[in-house]
Every structure is written in C-alpha cells, then in structure tokens.
Amino acid sequence: MNELRYVYAVTRPFDGVLPEGVRGLGGEPPRLLDHGDLVAVVGAVPAEDFAEAPLKKRLEDLDWLTATARAHEAVIGAMTTVTCTVPLRLATVCVDDSGVRRLLDAGHDRFVTTLERLEGRVEWGVKVYADPQPDPAESRPGPAAPAEPSAAPASGRDYLRRRLSSRQAREGVWERAEALSRTLHAELSQRAQAAALHRPQDSRLSEARGQNVLNAAYLVPRESSQEFVAEVGRLTPQDRGVRVELTGPWAPYSFAGQAGQAGPDEAGASR
Amino acid sequence: MTTPNRLPDPYGSQGGGANLADILERVLDKGVVIAGDIKINLLDIELLTIKLRLIVASVDKAKEMGIDWWEDDPSLSSGARRRELAEENERLQRRIADLEAAPARVERKDDEA
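Chains R and F are the protein sequences, given in the same order. Start counting the first sequence at 1; every next residue gets the next number (the numbering used here). Start counting the second sequence at 1; every next residue gets the next number (the numbering used here).
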C-alpha cells in the first residue's frame, strides 16, 4: 500500500466525461470519485513523493514544484472546460478513497456554497506591464547599474542630460501604465461579477518583459467571456512601452477561497 | 448544465508555455484550502516562501514610483498625496544628480590646475 490520493478539485456530478487526453501527476489521467452530491477529481500518487516528509522535501525542489504545479493546473483547466470546478490548493493529499470522502464530508457546505457561487463562471487574468525599453536589443534597466551600452558620453553634462532624458521617458511610460491600469480595472470590474487584485509579478519568475503594474483577475460568466475578451482588446492601446496581457479562461482560483477561510489576499479582493 | 462550448479559446500563457508565476500564484496562493490526511503547510516550505516573495518583490519597486494603489481602494487613494511624493522624488533625484556631478567638477579643476 504505497499509493496516496491527490485531490485536484471538487465538482458536482455532471453529464459528460472527463476531457480526453488529460494527464495529471505522473502522467496519469485523473479519476472522478462520487460521494453524495459532490465529486472529487483525484489521482493516485506515490507515497514516496507525497507522504508528509518526502513531500516537504520535494516542494523545495523548484523543478519538481514546477512540474507538479503544471500538472495540477492542467487537470483543473481541463475540468473547467466541461463543468464548474472548485480548485483545491496544491498538494491536498489523502491516504485513500475513504480519506477523500472524509474530506468531502468535512468541506461539504463550503464546497456546495462555493459551487453555487461560481457556477457558470470562469476567471480571466489581465496584466499591464510598463516597459520603458521596448527594444529587445537594449537591456532592462537594473536598479543598481544603469549601464549605457552606447558610446561613452563626451562630458559629464552630456552624461547627465542623457540620464535625465531616459529617466523622463521611463517616467512617461510609468504614468501611462498606471493610467491604463486604472481605466482597465474600472471598466473590466463593471463587466465582471467579481474582481481581485493580485500582487504584481516579478519578472525573474514570470520571465515577462518590463515591469508588471496591474495583475488582476475577473470572474466572468462563460457566456459573456467573448465580450469580455473583446473589451480588453478595445481598451488596449497602441503603445510600445505599455503592454496588456490577457490569460484564461482559468478555473475561478482567485474567487474560490472567499466563502471559506479567506486568506488576507482574498479577503482584500474587491467585489 | 453548463455551456462549455461558448468559451473562447485559451489566451496568453495557458498550456505548455504557461507563465510559471501565473500558475504558482494560483495553485499555491489561491484555491480552496482544506486539510487532507497528509498535513502540510505550504507556508512552511522555504522555497515557496522565497518564490512567493519573488512574486511580490516587484511591489517594492512599484512603491518607489508611487504606484501603490492596489493596496487600497483606488477611490480612497489621494491624487494629491501622489503628486506630493512625485515632487519629493524629483527633488531627491535632482539632489542625487547634483551630488553625482560634483566629483566630475572636482576632476576638471584638477585637470586645469
């Protein structure tokens, strides 16, 4: 007995089947475990990775964490295409099917409330980046060393003038990015049933160009998704220094925690 | 019964090439927290703490620029206070430029001497 049950998500019983070709952890297709009026989306995982002690070690390994996070998201993303899905946080693990049933019992009322609230809705992510140097040939301005790769300035005055003009250009981009973020968030919040502002992302992790200024999530009815996407396009300016990025549709991750024990971030989300 | 076919095709970084930060901030920081049989607190994981800090690190940079509005209701944040910060920022930057310029002048004097 060296297999545990990894629980990806909770849904209601639904007509239809799991999307074909979905692979979760270990390349295994997930399985549906019915229990009363709820369904857990589960997968068998090896105890040598997912028991408490090894799991703690594994989670410190970025490659393993990345693969696990992607598999977790892949299953939840696929479920979202067929039914309303409440995503669980990464690494929710039970010892066996009875453990999963206990988990469903323990969280029953929360799951039912959350499913009702999220039924027919998906999450869209909208980010705004300020990119003062949109030319990829130029390096990003580091805070410590604003290196000038071009010819050396002829004089100290030249140098200062050059620094001043590049700083003014950067500030212009920041102002436009902030103004756009406000407009986008105000307009999109009106079209969404809920909105959540996340912390801006660091480019070392996202590997995105420029500086993330707005990182927002919107809860949108499935049937309004096309209009929502079109609205984002309409509000996106032609601006080399300011970029808008749309991601989704996601399972409603950013809105799943609110009814339960909301973390500080969820609690602060605007509605 | 839902109508999955009405959904537009995935945008942006879904799928294989997904932005790791987008995925991590959702699967680690969002979603429903419920205890399974295996007790694990993601906040105890050192790497996760570091990585999550990475996700939020840029907030400091943005704060320097006076863009801190996501921390409060936008309607509560005062434009006047921001202008004040911008002015102070400009004053400080001018002061830094002056200070940085000072050694250059000294050098030139040395040359002339």
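For glycine and all other residues, C-beta sits at the position ideal for the given N, C-alpha and C.
Residue state for A47 of chain R is assigned as helix, using DSSP reduced to three classes.
For the stretch 111-123 of chain R, the set of residues with a beta-carbon nearer than 8 Å to any beta-carbon of chain F comprises F111, T114, E119, G120, V122, in chain order. In this structure, the CA atom of Y159 of chain R is about 33 Å from the CA atom of P237 of chain R. Boundaries around R26 of chain F are those of the alpha helix (DSSP H), 20-27, since no beta strand (DSSP E) includes it. Taking G36 of chain F as reference, the option from R:V42, R:V112, R:H198 with the minimal CA-CA separation is R:V42. Distance check between G27 of chain R and each of R:S98, R:E119, R:T68 places R:T68 closest, using alpha-carbon atoms only. If you look at E231 of chain R, you'll find it in the alpha helix (DSSP H) that goes 225-235. Taking a contact as a CB-CB distance under 8 Å, the pair Y129 of chain R and R240 of chain R does not count as one, their CB atoms being some 11 Å apart.
In this structure, T85 of chain R sits near T11 of chain R, with a CB-CB distance shorter than 7 Å. Identification of chain F residues near Y218 of chain R by a Cβ-Cβ cut-off of 8 Å yields none; the smallest Cβ-Cβ distance measures about 13 Å.
The beta carbon of P54 of chain R sits no closer than 7 Å to any beta carbon of chain F.
Annotated three-state conformation of P54 of chain R is helix, per DSSP.
Within 10 angstroms of the beta-carbon of S155 of chain R lie fewer than 16 other beta-carbons, which makes it exposed.
Taking the Cα of W174 of chain R as reference, the smallest distance to any Cα among R:F255, R:Q211, R:A91 is reached at R:Q211. Contact between D131 of chain R and R199 of chain R does not hold, since the beta-carbon distance rounds to 19 Å and is not under 8 Å. Residues of chain R whose Cβ lies closer than 8 Å to the Cβ of L42 of chain F are, in chain order, L59, R89, L90, A91.
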